[in-house]
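One structure is given below, encoded as structure tokens.
Residue numbers (the numbering used here), protein chains in the order written: chain V, 54 to 424; chain G, 54 to 424; chain B, 956 to 1360; chain W, 956 to 1360.
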């Protein structure tokens, strides 16, 4: 038993932190936030590829470093902490994991090397409107290898080259890989609560779609991809939430009211203690999820759901109370609190709302109870 | 518009408070709590009758004072504050209200004067086990005027003379009045979380039952009785919650830690501020309920549900944080904090759990939205 | 206890409603007005009309241009006006806080000069108390006023000044003595916002709005006759201003639980309407009970006012409760929509992205006008009588108090 | 990161399990044991057996009678022992806090005298720190120790002494100087609980339990050789004791969210199983995530320990979270049953009235061993490095500190 990262993994994490402190300060995030025409930080994306991050968990035979998911978790925490405005989650947690999970040998050989090299940006296109997609509600359909329908919101939809799309074929839900630069695809940028990340609507009118995984397995595979992504996003969320706590602590130590630091008042001290509590609970659940993901353990669905629920809760509390701790100045455009508050919302929805994960968690417990 | 009690009502309330301070100190509550064989404070019950409280809202023609429900609300707040260990709610909010609502002229003339005189103790027997009774689950049945079945828990079931019983007749749910001293009735005391109040199981084996209200109206009438009782119990809860806040405040001012009163620490100050907030919200909702009850307004179902939900929430918070504010001593048998904590639980369940009232509240809002 | 109108109240309501129907503009203003000044001309015209008809500052005596009405009439009018698309927000701070301070501390001539124009919406006022280093501690003002003969020279900076960019006048709390403890060295003035030496910069908020400002003073000169109250008594004057703030009975802004329920009816979760989901239903009930509680608490306050009693700081509960419920409700609404919830394009998101905008606006509501923490302090100290915090800045000369690490 | 056993760990687990199967009593003790002494004889016998087999204080070195095992082995054994109906609770305070203090501060002879018997369960220890006027402030001890030649005379009162009525020995924090500031005038001693001048009175708790005691000292005489550490250093010694408390990794007691789910499946609401109600399902998920988070946090702490690192006060989060979740979960369970929920007769109420009893017990869990508020202070100050509270009692002679109004 060992409930911590190894020294090598910690070293990778520390290096990533130093790199991102240098290459991804808040001004880089704002450069995307303040400029709607910029969808992501291309330079940082290239640098991430050069660091080997994109291929960290891709097997060596497919051009990756062949490290484990634990290394990916360590990187995710740092990317979340730095609010990296790049399509890392869409490309790695969604697309690469989908191909690793369900891709044929041909598909792996074709796409994974490009992903590792930073030549391919991914996206997951499952949602078609308010609420979760269901077998009954799913409209997008594939007939004769051609996809028709609309998907929104699609994170990184403006910049992705290859999307994993949930659609029906012969009335059966399936996953499909769709090249977004081919004919029959149109994109429209969407305005969201977190303009530091890109979101689009994709409309397909006879776009070429190749099946990913078996016919009829669409929702099952989607859920397995989401389980994997939930753990990885949980680390991004824990990274962000921890940064919020640090910001709050630094401010509470330096800001004075009534002649003493605001961090000497219990209202602030206990608020920060609660942040710490939630962050620790989220971190511990994320570690368990990381173990389950890395080990391919049957506990993954439960562990992933718990990691996601705890991470969403912690980041929400930390990002909103970070603003509150800063007082008025924390609510201004210039101060960075808002960046975390917005990203907290983005991460809470990108892999499905926590509400749905709570339901999934309890369903898993029921199954376990019965078994 | 006028959102306060009148001067006369306030005077009645003040008199009741002074009377109860004299006649119903914590030692009187403990005399019941510590002695399982004592079901209620007989002396106080007689005194309450002598004060005219039992007949406050009973029409003069039936031996009451003919005051309004507002006066009853004012009394309820004081009884709740004093934790009066008497069957006031069972007799007045349940039995008297049931008869006023659904009783025939004969039934009114027969029972109301006895209630006003303190000669009749009432009870409401609706529950038959875990969960709320429903048309499908209801087992008690009346055939040829004879009731068979078991009811539990029945508050004041050990001491009541006359119970309002929910039962089926010809497959139709109805309400029935049953004399508990007649043949075919057996009682068994039940152990509960609040031994300062009496609770029993009633078992009927062919007990005489007279219909109260129309056949098939059982659940509808029961809900109307509960609406009325919910407002009155809400005042008891507000009274208790306010007393908890007072106790906490007094303790926080006199108890020192680290050289200064614990009430000078924000952790305690803000806890007490939150108690105040919840108590004010509960009080304001209770006032609106009191108006709706007194005016017979169509808003009663919504107002009663809101009053109950707010009161249950406020009393829970106040009674548990009152213990917490007192620290270790607050958790001892000798200190009175526990009396309020126990009564809080009793009041939260006696007229149905708040969860059910939340559902009812939202149903009312939906109805209003549609209309 | 009566939640319905008396015959007199009903008659007043009828009269007010008839007047509103006859006079309120037919075209609605845009919803969620953020006092950006775009509708200022219409707002001024409306205020003038209201004042002439006796519906502005209804409780003010005739002497000062009001109709000498009751607090209840004031509430009735506000309830009816709320059904029309008019905006009186620009004048709230001036009429609710600044002018009452002027009335209490200025000479007769000054009062005569300012009360009428403010009432009619001709002149807008702002309140210059907060400072960057002060935050929740309004008595930490560092803006200096130095006497020079019959004048004062002002240097320093104010912040969070609501509406400063649209204001003609303001009341200014300035430090006139740094050698005495902080509460004793301040003085209050009224100032002309267009004086030389005043610079106003809007604050860009994270929600995108910019109704607040920074105001910089560089050698601004004012006359000693602009002083409100004695030299060194500024904090006492400020307390009068802030008391008036507390008396102004504000409404809850933003979307309410009924609108959340409406949204839930439009959304499907797992094949079932979200409105059938008991997790949402319980939350709606909890929020509704809090909103209703606040509404009735305000009514209880108004009853006190109408009986000539001074309502206590009980009203402080309003902001804490409303802002926190609004924030949680908005988060739940976003999450109800699942992935789609992140979209805040008003043409796509339900209720014109009302809940998404509320997610962005509510952190500010929990801070502006007193943080949650300060409001709880106020309740604990002024309502419950608990001791104040241990103060290290009380008996120290202002210049010796540390302000930043 | 690996949540499964290594081969060595698996082997140790197998060995421990085999030993437990062979040696643990077949008849289960009653559930929810409240250390009332009724099972003390069995508990002692079990402890003796454990010590002989090398399963008591697994991390203690051989020199002191332990097997010199690893923290992970200690966890593995605890996990396996938890599946058997045995009770080691009586020895926790002695072995976890008192004896380590004796080991650190007593002379060799004293250590030799006490360590073995405590390890084998032959002697029980208690910790005499808290006092009525102290509460959360353990350094406020007023119990006096006055020197008389080679002896000390003790007068005063302790409170919340867990297990005092069953204890043979105790460690006592007493005030030896009232003219210096509070943290400097205390001294630590070990005492024989059966000495003349010691009176023990059980405290009747609101839950009905009475595991805590008041302990009164009237002219109790002890030898100076019973002193642990220098005169005046009592607070430093106490901190060592309390650090050991923090290292002892406790389990969450009470019912868990899975048991709530089990209850929900038995209850019908509006014709449907309560387990289908999404309001309950969301709450179960929220509680589960917190319980799991605590479980894995403890595992992270053990990993630190096994790497030779000193875990920080992060473990303080455990009690705050567990006690509050347990209280809310118990309330929800009661209310799920509607009117029936008030019944706490174990023969009638589901799960033998487990949730009802938890409603009564949890207020105590939020207080004993440090209130929620103190735990948050500890996290804020010791983990996050925020400043301590303003202290009015630091540089004042103890006798001049106010204690009650």
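Note that the Cβ used here is the ideal one computed from N, Cα and C, for glycine as well.
Nearest-angstrom beta carbon gap, residue j and residue i [assumed within contact, 8 Å]
| i | j | result |
| --- | --- | --- |
| residue 1278 of chain W | residue 1313 of chain W | Rounded, the Cβ-Cβ distance is 10 Å, inconsistent with contact. |
| residue 193 of chain V | residue 257 of chain V | 7 Å |
| residue 1133 of chain W | residue 1349 of chain W | No, residue 1133 of chain W and residue 1349 of chain W are not in contact; Cβ-Cβ is about 15 Å, not under 8 Å. |
| residue 1261 of chain W | residue 1025 of chain W | 6 Å |
| residue 380 of chain G | residue 1090 of chain W | 5 Å |
| residue 1321 of chain B | residue 1264 of chain B | In fact, because the Cβ distance is near 30 Å, the residues do not count as touching under 8 Å. |
| residue 1192 of chain W | residue 1172 of chain W | Contact flag wrong, Cβ pair sits at about 19 Å. |
| residue 1252 of chain W | residue 333 of chain V | 6 Å |
Contact with chain G by residue i, beta-carbon distance below 7 Å
| i | result |
| --- | --- |
| residue 985 of chain B | Residue placement at residue 985 of chain B is poorly supported in this model, since its pLDDT is 48, which falls under 50; the coordinates still yield a value, given next. For residue 985 of chain B, the answer is no, since every Cβ of chain G falls outside 7 Å of its Cβ. |
| residue 1329 of chain W | no |
| residue 1115 of chain W | yes |
| residue 1366 of chain B | Residue 1366 of chain B lies beyond the range of chain B shown here (956 to 1360); nothing can be said about it. |
| residue 1255 of chain B | yes |
| residue 1027 of chain B | yes |
Distance CB(residue i)-CB(residue j) smaller than 7 Å
| i | j | result |
| --- | --- | --- |
| residue 1141 of chain W | residue 1096 of chain W | yes |
| residue 309 of chain V | residue 1357 of chain B | yes |
| residue 358 of chain G | residue 288 of chain G | no |
| residue 1005 of chain W | residue 1011 of chain W | yes |
| residue 1136 of chain W | residue 316 of chain V | no |
| residue 1083 of chain W | residue 1038 of chain W | no |
| residue 392 of chain G | residue 136 of chain G | yes |
| residue 1315 of chain B | residue 1162 of chain B | yes |
| residue 164 of chain V | residue 174 of chain V | no |
Residue-level contact to chain W via CB, residue i, 7 Å cutoff
| i | result |
| --- | --- |
| residue 1232 of chain B | yes |
| residue 57 of chain V | yes |
Residue from the options with nearest C-alpha to residue i
| i | options | result |
| --- | --- | --- |
| residue 301 of chain G | G:313, G:333 and G:374 | G:374 |
| residue 1223 of chain B | V:382, V:208, V:190 and V:240 | V:190 |
| residue 1085 of chain B | B:1127, B:1265, B:1319 and B:1012 | B:1127 |
| residue 1080 of chain W | W:1324, W:1146, W:1012 and W:960 | W:1146 |
| residue 261 of chain G | G:209, G:281, G:199 and G:247 | G:199 |
| residue 400 of chain V | B:1294, B:1304 and B:1302 | B:1294 |
| residue 1013 of chain B | B:1209, B:1351 and B:971 | B:971 |
is_contact[residue i, chain V] using C-beta, thresh 7 Å
| i | result |
| --- | --- |
| residue 1159 of chain W | no |
| residue 1296 of chain W | no |
| residue 1035 of chain W | no |
| residue 1212 of chain B | no |
Minimum Cβ-Cβ distance from residue i to chain B less than 7 Å
| i | result |
| --- | --- |
| residue 194 of chain V | no |
| residue 300 of chain G | no |
Determine which residues of the segment 308-340 of chain V have a Cβ less than 9 Å from any Cβ of chain G, and write them out in chain order. 318, 319, 320, 321, 322 and 323
At a CB distance below 9 Å, what residues from the segment 1333-1357 of chain B approach chain V? Give them in sequence order. 1344, 1345, 1346, 1347, 1348, 1349, 1351, 1356 and 1357
Counting only Cβ-Cβ distances shorter than 7 Å, please list the residues of the segment 255-273 of chain V near chain B, keeping chain order. none
Relative to chain V, which residues along the segment 1221-1245 of chain W have a C-beta separation below 8 Å, given in chain order? 1230, 1233, 1236, 1237, 1239, 1240, 1241, 1243, 1244 and 1245
Where the segment 1272-1287 of chain W meets chain V: residues whose CB sits under 8 Å from a CB there: 1272, 1275 and 1276
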